Amino acid sequence: MSGVLNVLQMKEGDVLKFLAAGTHLGDTDLDFQMEQCIYKRKIDGIYIINLKRTQEKLLLAARAIVAIENTDNVSVISSRNTGQRAVLKLAAATRATPIADCFTPGTFTNQIQAAFWELHLLVVTDPRTDHQLTEASYVNLPTVALGNTDSPLRYVDIAIPCNNKGVHSVGLMWWMLAQGVLHMCGTISHEHLLEVMPDLYFYRYPEEIEKEEQAAAEKAVTKEEF
0 MSGVLNVLQM KEGDVLKFLA AGTHLGDTDL DFQMEQCIYK RKIDGIYIIN LKRTQEKLLL
60 AARAIVAIEN TDNVSVISSR NTGQRAVLKL AAATRATPIA DCFTPGTFTN QIQAAFWELH
120 LLVVTDPRTD HQLTEASYVN LPTVALGNTD SPLRYVDIAI PCNNKGVHSV GLMWWMLAQG
180 VLHMCGTISH EHLLEVMPDL YFYRYPEEIE KEEQAAAEKA VTKEEF
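Numbering that gives the first Met the number 0 numbers the first residue of the sequence shown as 0 and each following residue consecutively.
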């Protein structure tokens, strides 16, 4: 039994990843439903999230996904750019269905329309911007959300406390969730990490990509000259 519990405990490497990505850094505002997930408040007013709670909710969310027999019926959503790449990566790893672009209202509720979809679980990046939560509530659809300290948790069944606004934090949370699902499915052992690095779950700004392409082109020209 102790061996099983050790597997579920948060490892030092996970803590270091959380800290490096700024997962523990909340907002200056606090929703009353997130009070139990707060460790303390900094002098500048920013709330610090208790990472133990983050790990517990991550595992609970992973178990909820694994409990769905057909993961095609699990939808992962991000309306904001910062999470769209991450949901596509998680969907590829777990065979969940991503929604990273336009969403047609009535997809979960209107059985007449061709795009009607009977889901079993909905996972969103931000309860404030992913309004699919409201529609999911009309059909009693279980929901999981990444919740910041100021996130409204109405219609959210499992809230994973974290910084859901930072690019690195959002990418890491989706990476950790994908890894947790694959661990529980037995696809990868608990001693191994995902082959895909967390960096590939991070959103990249167009300016950053353009600079890298320009630097690579200049480097290629320099080599040709020599």
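All C-beta atoms in this analysis are idealised placements derived from N, C-alpha and C, irrespective of residue type, glycine included.
Computed from a predicted structure; not experimentally measured.
Legend entry - Given F102 as reference, the closest of A66, I111, D129, L181 once Cα atoms are compared: D129
Inset, instruction - For the alpha helix (DSSP H) holding S136, just list the boundary residues, first then last. - result: 131–137
Legend entry - Length of the line joining the Cα atoms of V180 and E134: 26 Å
Legend entry - Alpha-carbon to alpha-carbon, M196 and T27: 31 Å
Legend entry - Distance between Q8 and S1 (C-alpha atoms, nearest Å): Here S1 scores only 42 on pLDDT, less than 50, and its place in the model is too uncertain to base an answer on.
Inset, instruction - Quick one: which unbroken alpha helix (DSSP H) runs of 4-plus residues sit fully inside the segment 79–149? Chain order, please. - result: 80–93, 131–137
Legend entry - 8 Å CB neighbourhood of Y94 in its chain, flanking five on each side removed: It should be noted that the sequence gives Arg, not Tyr, for residue 94. The answer, listed in chain order, is T70, D71.
Inset, instruction - Grab me the residues of L59's own chain with a C-beta within less than 6 Å of its C-beta, minus the 5 sequence neighbours each way, in chain order. - result: I157
Legend entry - Own chain, CB closer than 7 Å to C184, minus 5 neighbours either side, in chain order: V65
Inset, instruction - Would you please state the rounded distance, in angstroms, between the beta carbons of K226 and Y200? I believe it to be under 8 Å. - result: Outside the shown range of the chain (0 to 225) lies residue 226, about which nothing can therefore be said.
Inset, instruction - Have a look at the DSSP bridge pairing and note the partners of K39. - result: I47
Legend entry - Uninterrupted alpha helix (DSSP H) stretches inside the segment 162–207 (no shorter than 4 residues): 166–184
Legend entry - Inter-stretch contact (C-beta, 8 Å, three-pair minimum) for the segment 14–34 and the segment 141–149: yes
Legend entry - A19 burial status per 10 Å Cβ neighbour count (16 or more: buried): exposed
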